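Residue numbers (this note's numbering), protein chains in the order written: chain A, 166 to 392; chain B, 166 to 392.
Just so it is clear, CB atoms sit at the ideal spot from N, CA and C, and this is done for glycine as well.
Note that the coordinates shown come from a computational prediction; the quantities given were computed from them, not determined experimentally.
Below you'll find the structure, written out as structure tokens, and then a few comments.
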DNA sequence: CAAAGGTGTGAAGAAGCCGTGAAAATGCTG
DNA sequence: CAGCATTTTCACGGCTTCTTCACACCTTTG
């Protein structure tokens with residue numbers, strides 16, 4: 166937050182911190198730019214009418230090397246100023262006085278836009294790599310592995326719960342649907358198929374583990390230290 | 166633009182057309198959603214207070230399957246309405262009466278934000294070159310290739326997700342719209358057409374790969390070193 | 001030590017999916 | 001309105017995938 170009015174700064178800091186945003190403040194353009202450079206914020210809130218620099222200057226200074234959303238606060242209704250700020254690279258422009266709820270909503274909108282929903286869905290083991298997003302598996306030995314839809318779904322459920330035990334019941338429910346809670350042989354058949362394709366030694370599984378009487382577990386102890 | 170006031174509609178249309186935006190209008194929520202589904206606009210402007218639907222409903226309806234920026238116009242200063250619209254997925258909220266210059270500036274900001282990731286609008290393979298921006302394909306053998314609109318859209322979705330598997334569902338959704346989630350034969354027909362035009366050996370595809378039961382994948386393993 | 005339940009195989013028929021060519025319907029242009 | 005390009009629909013053979021089953025193996029339990 167780059168703002169020279171202590172009152173607004175304090176009000177915002179309190180409200181934002183209460184919603185578990187992390188807030189850093191600067192009170193003029195120069196130190197604002199420095200802070201942005203240092204802290205790499207996810208969003209920047211800039212008050213126009215800073216003591217040392219023109220608002221559009223500050224915005225351009227940030228845009229020169231960051232694509233973080235910039236929200237401008239200003240007392241000035243003046244349309245020319247708004248247009249200048251927006252064209253300099255600002256993402257939103259709020260006129261004072263403003264409601265805190267509106268600011269927060271605009272903040273959420275800005276963050277939402279900037280976050281392209283990337284949850285790193287790639288699991289790497291010593292023997293193969295699973296890319297959940299691309300729906301793709303390759304082994305270090307043979308390269309690309311082809312999985313059938315059911316095989317893939319089963320693997321996906323297990324990998325999404327990696328480390329945890331997944332009940333037979335739940336696996337059947339998630340892969341075959343609510344009507345198949347009893348057909349436990351499906352699991353045996355398909356787990357065997359996956360082991361044949363993924364495990365270095367299918368008869369002694371290292372990743373797709375059986376928990377007798379309960380279900381299965383995908384384990385990826387990066388092994389690291391032998392023994 | 167979804168707006169039921171003819172005066173505003175006309176004013177906007179004139180101003181936007183003059184700046185060489187292409188404008189489509191709808192005068193109520195239902196036809197607005199239909200128009201968005203059909204036209205695939207780059208930005209949507211929605212007036213709240215439509216005759217048939219709640220504003221937030223319209224926004225959610227669009228957000229359900231499009232990520233195009235949505236700018237809301239409204240006569241209501243009411244903060245609750247603003248927050249509701251923004252949290253429903255709107256990107257900006259402008260209170261009437263507004264200055265045309267401000268609207269245009271916010272429009273530019275919205276479009277600018279929405280078009281960042283053009284990280285490689287030209288895809289080159291060993292056999293052909295796809296220019297996403299210019300919407301053109303040329304093969305090394307025959308030169309320029311003509312694609313029909315549907316063929317192009319399908320190819321575009323696949324290429325934008327190159328390397329990733331794209332579900333049949335998603336392809337139908339993105340190319341034909343939200344109502345066609347089941348017509349999987351369309352895909353077979355059009356993929357075959359694309360293969361006939363692009364693949365060196367259409368019966369043994371190298372780029373447009375089938376993942377039986379799941380979907381299709383555009384692959385461009387520059388072939389590179391064998392083994 | 002024998003019985004019982006749960007698990008890992010391999011194989012075979014059934015079911016469903018894909019590629020294909022072509023015809024009917026639709027929309028567009030002049 | 002005719003002529004053309006495009007989209008939608010359909011039915012077939014060939015192939016992949018799913019389901020089902022029988023049997024061997026293991027571990028636990030009385």
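Anything in chain B within Cβ reach of residue i, meaning under 7 Å, just list it in chain order.
| i | result |
| --- | --- |
| residue 270(A) | 247, 248, 251 and 252 |
| residue 278(A) | 256 and 278 |
In terms of residues, what are the limits of the alpha helix (DSSP H) holding residue i?
| i | result |
| --- | --- |
| residue 351(B) | 349-363 |
| residue 198(B) | 194-204 |
| residue 190(B) | Run containing residue 190(B): none; DSSP gives neither H nor E here. |
| residue 173(B) | 171-183 |
| residue 166(A) | Note, residue 166(A): premise wrong, no alpha helix (DSSP H); not H, not E. |
| residue 366(B) | That residue, residue 366(B), is in no alpha helix (DSSP H); it is neither H nor E in DSSP. |
| residue 109(A) | A question about residue 109(A) goes unanswered here, because the residues of chain A that appear run from 166 up to 392. |
| residue 246(B) | 244-253 |
Is the CB of residue i under 8 Å away from at least one CB in chain B?
| i | result |
| --- | --- |
| residue 262(A) | no |
| residue 177(A) | no |
| residue 172(A) | no |
| residue 313(A) | yes |
| residue 183(A) | no |
Cβ closer than 7 Å: which chain A residues qualify as neighbours of residue i?
| i | result |
| --- | --- |
| residue 257(B) | 257 |
| residue 267(B) | 244, 247 and 248 |
Return the bridge partner residues of residue i from the DSSP annotation.
| i | result |
| --- | --- |
| residue 237(A) | 211(A) and 258(A) |
| residue 383(B) | 373(B) |
Output yes if chain A places a C-beta closer than 8 Å to the C-beta of residue i; else output no.
| i | result |
| --- | --- |
| residue 244(B) | yes |
| residue 330(B) | yes |
| residue 273(B) | yes |
| residue 390(B) | Note that residue 390(B) scores a pLDDT of 41, beneath 50, so its modelled location is shaky and nothing firm can be said. |
| residue 167(B) | no |
What residue range is occupied by the uninterrupted beta strand (DSSP E) comprising residue i?
| i | result |
| --- | --- |
| residue 226(A) | Here residue 226(A) belongs to no beta strand (DSSP E); instead the alpha helix (DSSP H) covers 220-228. |
| residue 375(A) | 373-376 |
Residue i versus chain A: which residues are under 8 Å apart at the beta carbon?
| i | result |
| --- | --- |
| residue 379(B) | 300, 314 and 317 |
Whole runs of the beta strand (DSSP E) within the stretch 281-357 of chain A, excluding any shorter than 3 residues: 287-289, 293-296, 301-304, 308-310 and 330-332
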